[in-house]
Amino acid sequence: MTTATMSEQVNTSGAAQTQTQAGGKTLLKVSGLKVGYGGIQAVKGVDFEVREGELVSLIGSNGAGKTTTMKAITGTLPAGAGHIEFLGRSIKGRGAWDLVGEGLVMVPEGRGVFTRMTITENLQIGAYIRKDKAEIASDMERVFVTFPRLRERKDQLAGTMSGGEQQMLAMGRALMARPKVLLLDEPTMGLSPIMCDKIFEVVQTVASQGVTILLVEQNANRALQLADRGYVMESGLITMNGDAKQLLSDPRVRAAYLGE
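Going by the UniProt record's numbering, the letters in the sequence shown line up with residues 1 to 260, in that order.
Structure representation (structure tokens):
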């Protein structure tokens, strides 16, 4: 896909420019990020930001470097060059569990639920660093309202749930940590079309509750429909960025990701 200028919001060098627009303060900022492993440079100098109250989608084909970027942000994969800032402070090199306490929480690709624990126990783990039992109980109720199926099966072992139900549980567990920014890595991967629709509905609901979200998703159409802004990642670089609806209507995006 060509990276010729779509608008003044697109950087033809492959690095996303910071946009000036009304909105919340910047919560997460990634600058010049490079990540390599096994002799492969998977991320080659990525720049993007997520502002308070936004739903930002990072789209791209399989192998573009999206998940590697997410892992580097959350400290589950060592970052090379570049800077990662959260709430105005560098978090490069910090561990995932440490960042949860700061409010940066990721639902990883593959969900990562504790299969031999109940739904309730999995949700409680999401609040493991919190002390106020009344607030924890209130948030548990909020999760059950958002995910009614989890309430129905709260005493069921997580390992007996379907993939879509486990995805709901993983998202609910993340919300129990009261994230300032919620990172969702391929939440619909491997799910049926019906369950994908349900997951996207939940993402929209969570965003409407004021949760700031960075969504990594191969389904470019649905991801951009949900988002305020979007970034396109190809071969380890951000090649386009801008208003999500503008990206969705761009012929190059539609040709590359929507089959048109």
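Every residue, glycine too, gets a C-beta built ideally from N, C-alpha and C.
Grouping DSSP H, G and I as helix and E and B as strand, with all else coil, what is residue i?
{"i": "residue 231", "result": "strand"}
{"i": "residue 189", "result": "coil"}
{"i": "residue 221", "result": "helix"}
{"i": "residue 264", "result": "Outside the displayed range of the chain (1 to 260) lies residue 264, so it cannot be described from this structure."}
{"i": "residue 205", "result": "helix"}
{"i": "residue 113", "result": "coil"}
{"i": "residue 248", "result": "helix"}
{"i": "residue 76", "result": "coil"}
{"i": "residue 162", "result": "coil"}
{"i": "residue 21", "result": "Here residue 21 scores only 43 on pLDDT, less than 50, and its place in the model should not be relied on; the value that follows carries that caveat. Residue state, collapsed to three classes: coil."}
{"i": "residue 211", "result": "coil"}
{"i": "residue 4", "result": "Residue confidence is low: residue 4 scores 34 on pLDDT, short of 50, so the model does not pin down where it sits. Its coordinate-derived value is still stated next. In the structure shown, residue 4 sits in coil (DSSP, three-state: anything other than H, G, I, E or B)."}
Let me make sure I understand the geometry here. Which of the options has the alpha-carbon closest to that of residue i?
{"i": "residue 164", "options": "234, 73, 191", "result": "191"}
{"i": "residue 224", "options": "100, 194, 47, 247", "result": "247"}
{"i": "residue 212", "options": "147, 183, 236, 221", "result": "183"}
{"i": "residue 71", "options": "231, 84, 128", "result": "84"}
{"i": "residue 158", "options": "181, 139, 170", "result": "170"}
{"i": "residue 209", "options": "232, 179, 127", "result": "179"}
{"i": "residue 231", "options": "24, 25, 35, 50", "result": "50"}
{"i": "residue 195", "options": "227, 149, 245, 97", "result": "149"}
{"i": "residue 235", "options": "128, 46, 25", "result": "46"}
{"i": "residue 146", "options": "237, 24, 207", "result": "207"}
{"i": "residue 252", "options": "173, 60, 124", "result": "60"}
Taking residue i and residue j to be in contact with their CB atoms under 8 Å, please state how far apart those CB atoms are, rounded to whole angstroms.
{"i": "residue 219", "j": "residue 239", "result": "That belief does not hold up - the Cβ atoms of residue 219 and residue 239 are roughly 18 Å apart, past 8 Å."}
{"i": "residue 82", "j": "residue 33", "result": "4 Å"}
{"i": "residue 139", "j": "residue 176", "result": "6 Å"}
{"i": "residue 250", "j": "residue 216", "result": "With 8 Å as the limit, residue 250 and residue 216 do not qualify as a contact, their Cβ atoms being about 19 Å apart."}
{"i": "residue 74", "j": "residue 99", "result": "6 Å"}
{"i": "residue 104", "j": "residue 181", "result": "5 Å"}
{"i": "residue 35", "j": "residue 79", "result": "6 Å"}
{"i": "residue 262", "j": "residue 119", "result": "In the structure displayed, the chain extends from 1 to 260; residue 262 sits before or after that span and is not available."}
Going by DSSP, what residues sit across from residue i in a beta bridge?
{"i": "residue 242", "result": "230"}
{"i": "residue 124", "result": "DSSP output for residue 124 lists no bridge partner at all."}
{"i": "residue 274", "result": "Beyond the ends of the chain as shown, which are 1 and 260, falls residue 274; an answer cannot be given."}
{"i": "residue 26", "result": "51"}
{"i": "residue 86", "result": "28, 89"}
{"i": "residue 100", "result": "Residue 100 pairs with nothing; no bridge assigned."}
So, does the CB of residue i fall closer than 8 Å to a CB anywhere in chain C?
{"i": "residue 108", "result": "Absent here is chain C; the protein component of the structure consists of one chain."}
Looking at C-beta atoms only, is the number of pairs between the segment 110-118 and the segment 90-99 that lie closer than 8 Å three or more?
-> no
Touch test, the segment 40-47 against the segment 192-203, Cβ-Cβ under 8 Å, three pairs minimum | no
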